[in-house]
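**Q**
There are 4 protein chains.
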Amino acid sequence: MKKIRVAIAGLGRLGRVHAENLAFRIPNAELCAVCAQTEDSLNWARERLDICACYQDFAEMLAKETPDAVVLVTPSDLHCEQIELALDAGVHVFFEKPLGTDPARCAATQAAAEQHPELVCMPGFMRRYDKSYVYAKHQIDSGAIGTPYMMKCTGIDPESAIEGTLRVTGSFGGIFMDLGIHDVDLMRWLLGCEPAQVHAVGTTVKYPAFREGGDYETAAALYQFTNGAIGMAHAGRCSPYGYHVETEIIGTEGTLRISGVPAKNLTQLYKGNGAATECVGSFQERFEEAYLAEVQEFVDCVCENRRPAVTMEDAVKATVIAHAAGQALRSGEIIKL
Amino acid sequence: MKKIRVAIAGLGRLGRVHAENLAFRIPNAELCAVCAQTEDSLNWARERLDICACYQDFAEMLAKETPDAVVLVTPSDLHCEQIELALDAGVHVFFEKPLGTDPARCAATQAAAEQHPELVCMPGFMRRYDKSYVYAKHQIDSGAIGTPYMMKCTGIDPESAIEGTLRVTGSFGGIFMDLGIHDVDLMRWLLGCEPAQVHAVGTTVKYPAFREGGDYETAAALYQFTNGAIGMAHAGRCSPYGYHVETEIIGTEGTLRISGVPAKNLTQLYKGNGAATECVGSFQERFEEAYLAEVQEFVDCVCENRRPAVTMEDAVKATVIAHAAGQALRSGEIIKL
Amino acid sequence: MKKIRVAIAGLGRLGRVHAENLAFRIPNAELCAVCAQTEDSLNWARERLDICACYQDFAEMLAKETPDAVVLVTPSDLHCEQIELALDAGVHVFFEKPLGTDPARCAATQAAAEQHPELVCMPGFMRRYDKSYVYAKHQIDSGAIGTPYMMKCTGIDPESAIEGTLRVTGSFGGIFMDLGIHDVDLMRWLLGCEPAQVHAVGTTVKYPAFREGGDYETAAALYQFTNGAIGMAHAGRCSPYGYHVETEIIGTEGTLRISGVPAKNLTQLYKGNGAATECVGSFQERFEEAYLAEVQEFVDCVCENRRPAVTMEDAVKATVIAHAAGQALRSGEIIKL
Amino acid sequence: MKKIRVAIAGLGRLGRVHAENLAFRIPNAELCAVCAQTEDSLNWARERLDICACYQDFAEMLAKETPDAVVLVTPSDLHCEQIELALDAGVHVFFEKPLGTDPARCAATQAAAEQHPELVCMPGFMRRYDKSYVYAKHQIDSGAIGTPYMMKCTGIDPESAIEGTLRVTGSFGGIFMDLGIHDVDLMRWLLGCEPAQVHAVGTTVKYPAFREGGDYETAAALYQFTNGAIGMAHAGRCSPYGYHVETEIIGTEGTLRISGVPAKNLTQLYKGNGAATECVGSFQERFEEAYLAEVQEFVDCVCENRRPAVTMEDAVKATVIAHAAGQALRSGEIIKL
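For the record, the sequence lines run as chains A, B, C and D.
The first sequence stops at residue 1500 when you use my numbering, and every number in between is there.
The second sequence stops at residue 1500 when you use my numbering, and every number in between is there.
The third sequence stops at residue 1500 when you use my numbering, and every number in between is there.
The fourth sequence stops at residue 1500 when you use my numbering, and every number in between is there.
1. For a contact meaning CB atoms closer than 8 Å, what does L1504 of chain C contact in chain A?
2. Quick check on A1324 of chain A - is its C-beta less than 8 Å from some C-beta in chain B?
3. Which term fits A1384 of chain A, buried or exposed, when burial requires 16 or more other beta carbons within 10 angstroms of its beta carbon?
4. Is the shortest distance between the beta-carbon of K1524 of chain B and the beta-carbons of chain D less than 8 Å?
5. Counting contacts by CB-CB distance shorter than 8 Å, is E1441 of chain B in contact with chain A?
6. Taking L1282 of chain D and L1250 of chain D to be in contact with their CB atoms under 8 Å, please state how far apart those CB atoms are, rounded to whole angstroms.
7. Name, please, each residue of chain A whose Cβ falls closer than 7 Å to the Cβ of F1187 of chain D.
8. Which one of B:R1470, B:V1233, B:D1341 has the shortest CA to CA distance from A1252 of chain B?
9. Shorter than 8 Å from the beta carbon of G1423 of chain C to some beta carbon of chain B?
10. Taking the alpha carbon of F1388 of chain C as the point to measure from, which residue in C:Q1360, C:D1378, C:F1373 has its own alpha carbon closest?
11. By how many angstroms is the C-alpha of P1321 of chain C removed from the C-alpha of V1443 of chain C?
12. Under the DSSP definition of a beta bridge, which residues are partnered with T1389 of chain B?
13. For a contact meaning CB atoms closer than 7 Å, what does N1428 of chain D contact in chain A?
14. Using only the alpha-carbon positions, how far apart do A1196 of chain C and A1307 of chain B sit?
15. List the residues that DSSP assigns as beta-bridge partners of F1258 of chain A.
16. Can we say the segment 1398-1411 of chain D touches the segment 1403-1410 of chain C, given the rule of at least three CB pairs closer than 8 Å?
17. Quick one: residues in its chain with C-beta nearer than 6 Å to the C-beta of G1376 of chain D, no 5 flanking neighbours on either side, listed in chain order?
18. Should P1425 of chain C be labelled buried (16 or more other beta-carbon atoms within 10 Å of its own) or exposed?
19. Can you check whether the C-beta of G1399 of chain A is within less than 8 Å of a C-beta belonging to chain B?
20. For M1314 of chain A and chain C, any beta-carbon pair shorter than 8 Å?
21. May I ask you to list, following chain order, the residues of the segment 1241-1271 of chain B that have a beta carbon less than 9 Å from some beta carbon of chain A?
22. So Y1296 of chain B is in the beta strand (DSSP E); what residue range does that whole segment cover?
23. Find the residues of chain C that neighbour K1434 of chain D, judging by a C-beta separation of less than 7 Å, and give them in chain order.
24. Cβ of A1208 of chain A less than 8 Å from any chain D Cβ?
25. Taking Cβ positions only, does A1383 of chain A come closer than 8 Å to chain B?
26. Relative to the C-alpha of G1309 of chain B, which residue among B:C1316, B:K1300, B:K1315 is closest?
27. So which residues on chain D does G1437 of chain C lean against when the C-beta distance must stay under 7 Å?
28. Do V1236 of chain C and I1189 of chain C have their C-beta atoms within less than 8 Å of each other?
29. Should the segment 1469-1483 of chain D be regarded as contacting the segment 1431-1442 of chain C, the criterion being three or more beta carbon pairs within less than 8 Å?
30. Since G1337 of chain A and D1378 of chain A are thought to touch, with beta carbons under 8 Å apart, how far apart are those beta carbons, to the nearest angstrom?
31. Kindly say whether H1345 of chain D, judged by its beta-carbon, lies nearer than 8 Å to any beta-carbon of chain B.
32. By the three-class DSSP mapping on this structure, what secondary structure does R1374 of chain B have?
33. DSSP three-state call for C1243 of chain B: helix, strand or coil?
34. What's the call for E1202 of chain A, buried or exposed, on a 16-neighbour Cβ count within 10 Å?
35. Going by C-alpha to C-alpha distance, which of C:R1290, C:Q1219, C:L1429, C:A1271 sits closest to G1142 of chain C?
36. State the start and end residues of the unbroken beta strand (DSSP E) segment that holds T1317 of chain B.
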């Protein structure tokens, strides 16, 4: 079995998920080096992953370790530059969404990637690798719902994680760029079409800090696609019952709904309040398998010299659209795309 | 429209449900008289139903009011005698389950009914008139599940009604006669076959009064039918989450499950404990429509000189089988039927 | 028991539901007369309801029968005039939604009603009388979900009724006036606030006749309320799986979802395609009990000289808002209210 | 990180699952050798797992490879002997259920294991490592359902696998030993008590070959435990809709139900037949994660010199009880334990 050497940059919550997967669960990858800002994170890697090659400088890691591939789980505003550095060093790249928050900057990185057709450069839209979404995509492709003409998307972070969310409010390009971008990617992927316009409204009810940070606690966008299809997207920050990602794809012959109840597992508890299904508590819990599957696919693509189904163009378009949704939200206008 | 004059005997909880239905919701019936033990109940009828013809003696009511039909919601041990009185008076009869608790006594009443083929004599197995069960029966008859070969039945009274349940423990022939008889009727109806044997076990965990009353808080019976089909029936007295009646019919091509969650209505509440569906609180709530539908069918049968699908034989056989299940429970033996 | 004499005008599909309820299921009402356009409908009333007082002229019926109350299930564009006629004749009025399709005309009728404070004039928003919605309202009022700040509404007519739907496309003020007005009423009722603006988009995929009729097969509206609350409403005409009305109310402490699966009954069928719950087939099936409950409440209000919780102001505001949503849909603009 | 060398014996369907997990997904294990009957299986191991150490003789593998541990996925009637061989060779053992089909033989192996307290000897009841069952156990232990007093268990193999099932009918000790033993283990684990008696009935409707093989297509057992608790267990061979394992634990304060719908994933498809959830197709699909988790726990126990929560006593008792259920089924008697 061919095995590649993979480095990782970024060891926050999601970075550690990816790092453990690379170290332990992806047989054709060897985690060869890590890069992180804090000694704390690097110590975690030394102890938990038994990694000696620990860096605080990304370029230095690339130069000294010459990995085959790198996985970027760094802050969004570093992605474009780091991707370009890696490509220039001849290193395959997997990067977490979003590619960036500035559409023009993203386009430049896409151009850079096109200069390196020999390298895999894969965006991390993990939902595309979640078994429920894979199943839905397959159902759509096999005609189970006829022609899809509408989607309804919900993404609500758990209130239990509100402190972390509030700490970064204002960064990451706002609620549609940070959270809603997943739904943008899903709509493009499952409707097979591009949005023509977007209108959005938002509100902040429970945590005024969102308002103070120039963002919204809850936002809703209404999209129309070039073929007339309709998209309704709801992004929120403080679900009291867990992490709620739900998606509905409506077609002429049927409707697919994914995760109407974001069930933690297959157990129902019948008590005084009725028959209850506990909900997943976090994005890590909900997409645990998908985070593994997407990086496995990345590594397989590198090993087999394939290209993943999700492309740099997907990454750029998602950023452009999420950016427009943010503009719509702040301006109160209908933004044409 | 032909309209018949109907009297009712018994104004307990269920009696009042039937009385109100007869008075207000069955257009081709006129509630003409009531019979009850207590002044309290009779006053309720006078005020709520505007009925003047109030009796404490059943035979007197029949003699003086000469109704076309009578609905019996009296204690089980009075049914056989009252049915015979009514039939002798030329009055059609609807009676609540069970026909009686003594198989021999029931057979005598069945013989009496056979002497009056001109009269409708209909047992009150309301589940047969519930829209979910009607739907399931239709699915089975249309072949949706192939050949049914197994049933699993659950009937658990709500703990919220435990005081009333405890007051009558020891009467009514025990848990299988009082509660489990509904499942006996469902199994005969939906499997289209008779049981050949039954074994049962019971336990009492929370309310020792059941043990003291010679009964069980919870009991389970395992039936085998003459065609080999299997029946599993669970009867209980103290569900902490509401009134739970659930039925599963398993066939060679599919399975029907009725009321896996005994939902109060179509609402789900997503809160800290998950996504919860509140459960129905009582038999009256669960079978509100069925109680109306069964008596409507009775009245229609009288008006149209039809015979209902549910027969005296069904009533007698259900008693015989529930009686055997009770024997099995008390003796620890396998009882052959 | 006080009993009132009620006439009905309009014997289409829903009219017949109301007529049967008045004739058979509302004990304190006596159906005294009917008015309909066609001999067919009048014959139905004669045979099925045993009614002799049959009219084709509404004013004539009022004059000759002098009913206590009238129930209007006539075409929307007749409501305002008929209401005014009835009020002038001293007759209580229940009318089906919408009050009308022209906001100014509706306001005049509201003014007329205010001239008759002694008369009940009740709009027919039956969802407010459906037990699931009543339950949700009660949960909200009791604080179960904290402060509601968002609603998502879905209303899709069944494709099985498409022929009837297509016959009247273009009438009734378009999809938001005909169908979406229910969601407008629900949002006002459950959020306790008025919308400040609305934007909408629509599409027609399967039945071009909608486009030709100047309407849309599917439309989606995004509302923002004066308190910042957000409303997302989806109205459609051709659900392949039945009649789908779903409502979600999102609050700071929890979320209520009504009818995520518009279950026909409590049965699940496990077959090759999985575990399936059949859906209700029509508005009559879904809201059978609510249609009865709302007219029962109307009759009770008349008998007890009470006023219903739903008011003429609710009827007028719903029309104004649905009208604005229609304008938004046709213009592509954001309409301020 | 400490890493152990693990050999595997048996490369059937489940054996390959375990082999891949050991090779790729358990970081502290190194798959060092395989033993299988057929060249086909050994070739699969060479190609898929890149393993050179391939054997057809179990004792030879132990002698030549001296692994730290061995995983047995061989036919049930070989388990006892192979376990003893491994223990004698100083090798830790994980074995698939059942330990054996003969209670006396199992007891001898348990005694052998007790001679080697320094070695881990762990039975493979994977459900104990499934996240839904782990969650349920945690709920019970934390008091969520009060005192559990009843369990209802369902295990039905998919009809899609019927050919394989029929090939081995008659081996493996019958339906309760092969399939029902999982439910026996669950009942002991979750009720915390031992059964006192069992009665069982069976039927064969669709595949007469079961009857010819001396087994049953469907069987149901009714257990009573020493503390009075009740167990109802249903085992079947030909579910038309997938692999259905469902478990209900009923307690004085609530009820836990696991997998009322054995959902394949979180997607619902709304079509003509209603809202449907596709079911899992096989035990491998349903328990994919649990199979990994149980062997991970085994390897961790070896590495950390811990003992797993599931013991040899559990394995022996499960065999004794499943054996008694089989006796009950064949004899028609109530078997005391």
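All C-beta atoms in this analysis are idealised placements derived from N, C-alpha and C, irrespective of residue type, glycine included.
**A** Inspection of the coordinates gives the following:
1. It is not possible to answer for residue 1504 of chain C, since the shown part of chain C is limited to 1164 through 1500.
2. no
3. buried
4. Because residue 1524 of chain B is not part of the residues shown, which for chain B are 1164 to 1500, the question remains open.
5. yes
6. 6 Å
7. P1190
8. B:V1233
9. yes
10. C:Q1360
11. 9 Å
12. Bridge partners of T1389 of chain B: none, in fact.
13. K1294, S1295, Y1298
14. 45 Å
15. A:L1235, A:P1286
16. no
17. T1332, G1333
18. buried
19. no
20. no
21. none
22. Note, Y1296 of chain B: premise wrong, no beta strand (DSSP E); alpha helix (DSSP H) at 1294-1304.
23. P1403, Y1404
24. no
25. no
26. B:K1300
27. Y1404, A1439, T1440, E1441, C1442
28. no
29. no
30. 5 Å
31. no
32. helix
33. helix
34. exposed
35. Outside the displayed span of chain C (1164 to 1500) sits residue 1142 of chain C, for which this structure offers no information.
36. 1311-1321
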